[in-house]
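Worksheet: one structure, shown below.
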Amino acid sequence: GAVVSQHPSRVICKSGTSVKIECRSLDFQATTMFWYRQFPKKSLMLMATSNEGSKATYEQGVEKDKFLINHASLTLSTLTVTSAHPEDSSFYICARVTSYNEQFFGPGTRLTVL
Amino acid sequence: GENVEQHPSTLSVQEGDSAVIKCTYSDSASNYFPWYKQELGKGPQLIIDIRSNVGEKKDQRIAVTLNKTAKHFSLHITETQPEDSAVYFCADSRGGGNKLTFGTGTQLKVEL
Numbered sequence: 044g045a046v047v048s049q050h051p052s053r054v055i056c057k058s059g060t061s062v063k064i065e066c067r068s069l070d071f072q073a074t075t076m077f078w079y080r081q082f083p084k085k086s087l088m089l090m091a092t093s094n095e096g097s098k099a100t101y102e103q104g105v106e107k108d109k110f111l112i113n114h115a116s117l118t119l120s121t122l123t124v125t126s127a128h129p130e131d132s133s134f135y136i137c138a139r140v141t142s143y144n145e146q147f148f149g150p151g152t153r154l155t156v157l
Numbered sequence: 003g004e005n006v007e008q009h010p011s012t013l014s015v016q017e018g019d020s021a022v023i024k025c026t027y028s029d030s031a032s033n034y035f036p037w038y039k040q041e042l043g044k045g046p047q048l049i050i051d052i053r054s055n056v057g058e059k060k061d062q063r064i065a066v067t068l069n070k071t072a073k074h075f076s077l078h079i080t081e082t083q084p085e086d087s088a089v090y091f092c093a094d095s096r097g098g099g100n101k102l103t104f105g106t107g108t109q110l111k112v113e114l
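Residue numbers (the numbering used here), protein chains in the order written: chain A, 44 to 157; chain B, 3 to 114.
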């Protein structure tokens with residue numbers, strides 16, 4: 044069964060609004076989770092590493108004030124896309140990493156900004 | 003990892019035939035090499051992985067080989083079935099919870 048869930052699976056919002064995406068580790072505590080972004084027919088692009096109890100680590104070129112990450116518990120990490128614009132429309136996927144370095148991905152969230 | 007090249011970008015095979023997808027990595031410190039299958043509209047699913055202390059690993063119809071000297075690793079799917087149709091991604095990592103670097107993906111189509 045699924046070890047990582049995401050909510051919502053699909054969201055449509057107006058330009059300028061903020062959207063929060065939740066990522067839950069269902070079977071194990073996760074001190075580290077990853078957030079990815081994927082454009083149609085493209086590979087996965089790592090956005091940031093979410094660390095429980097501390098600040099997220101962002102990849103080069105990713106605006107930390109635009110993509111707010113909160114990892115307040117060992118089972119929940121959230122990604123908030125602030126003041127969303129059409130160019131933020133994408134497929135956002137989180138992943139939990141195990142002590143063996145395996146990454147298990149959530150089902151993804153399709154964001155469409157009108 | 004630093005960079006991972008993946009070939010081919012698309013692959014069509016007849017049902018029952020074998021499919022091979024190849025990846026090349028550049029980071030000599032990489033020691034973990036997973037393969038993911040992604041169906042349309044879904045998150046990637048880990049299907050098999052290999053670590054640098056092993057040259058080959060097999061799980062039913064799926065096998066992965068690793069050549070550390072040449073920095074190559076490959077996914078082999080035998081007796082392909084229509085449900086194997088998906089996008090497959092290779093990746094590498096230095097391990098220890100480090101981030102994955104993904105290949106560009108291969109669209110596999112298994113035709114009846």
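Every residue, glycine too, gets a C-beta built ideally from N, C-alpha and C. Remember, predicted model here, so these are calculated numbers, not experimental data.
Output needed in chain order: residues of the region 15-41 of chain B with a Cβ under 8 Å from some Cβ in chain A.
Residues Tyr34, Pro36 and Tyr38.
Skipping 5 residues on each side, what residues in its chain have a beta carbon closer than 7 Å to that of A/Lys63?
On the first sequence, residue 63 of chain A is found 20 positions in, with the first residue counted as 1. These residues qualify, in order along the chain: Thr121 and Thr123.
Identify the contact partners of A/Gly59 in chain B, using a Cβ-Cβ distance below 8 Å as the criterion.
As a working note, residue 59 of chain A is residue 16 in the first sequence. Simply none; closest approach about 27 Å.
Can you find a C-beta in chain B that's less than 8 Å from the C-beta of A/Val46?
Mapped onto the first sequence, residue 46 of chain A falls at position 3. Judged by the 8 Å Cβ criterion, A/Val46 is not in contact with chain B.
Are the CB atoms of A/Ala127 and A/Ile112 nearer to each other than 8 Å?
Counting from one through the first sequence, the residue named residue 127 of chain A turns up at place 84. Counting from one through the first sequence, the residue named residue 112 of chain A turns up at place 69. No, these two residues do not count as a Cβ contact at 8 Å.
Would the beta-carbon of B/Gly18 fall within 8 Å of that of B/Thr82?
Position 16 of the second sequence, counted from the first residue, corresponds to residue 18 of chain B. Position 80 of the second sequence, counted from the first residue, corresponds to residue 82 of chain B. The answer is yes: Cβ separation under 8 Å.
Which residues of chain A have a Cβ atom closer than 7 Å to the Cβ of B/Asp94, listed in chain order?
Position 92 of the second sequence holds residue 94 of chain B. Near B/Asp94 there are no residues of chain A at all, since even the closest Cβ is about 11 Å away, more than 7 Å.
Helix, strand or coil for A/Glu130, going by three-state DSSP, please let me know.
For the purposes of this step, residue 130 of chain A is identified with residue 87 of the first sequence, where counting begins at 1. Three-state result, A/Glu130: helix.
Give a yes or no on whether the C-beta atoms belonging to A/Val54 and A/Arg139 are separated by under 8 Å.
Counting from one through the first sequence, the residue named residue 54 of chain A turns up at place 11. Counting from one through the first sequence, the residue named residue 139 of chain A turns up at place 96. Cβ atoms of A/Val54 and A/Arg139: not closer than 8 Å.
Quick one: which residues of the region 122-146 of chain A get their C-beta closer than 9 Å to a C-beta of chain B? List them in chain order.
Listed by position, the residues of the region 122-146 of chain A near chain B (Cβ gap below 9 Å) are Phe134, Ile136, Cys137, Ala138, Val140, Thr141, Ser142, Tyr143, Asn144, Glu145 and Gln146.
Per DSSP, A/Val105 is paired with what?
Here residue 105 of chain A refers to the residue found at position 62 of the first sequence. Answer is none; A/Val105 lacks a bridge partner.
With distances taken from CA atoms, which of A/Ser97, A/Phe147 and A/His50 is nearest B/Ile127?
Because chain B here runs from 3 to 114, residue 127 of chain B falls outside it and cannot be looked at.
Using beta carbons (cut-off 8 Å, strictly below), is B/Phe91 in contact with chain A?
Here residue 91 of chain B is taken as the residue at index 89 of the second sequence, counted from 1. It does: the Cβ of B/Phe91 has a partner Cβ on chain A nearer than 8 Å.
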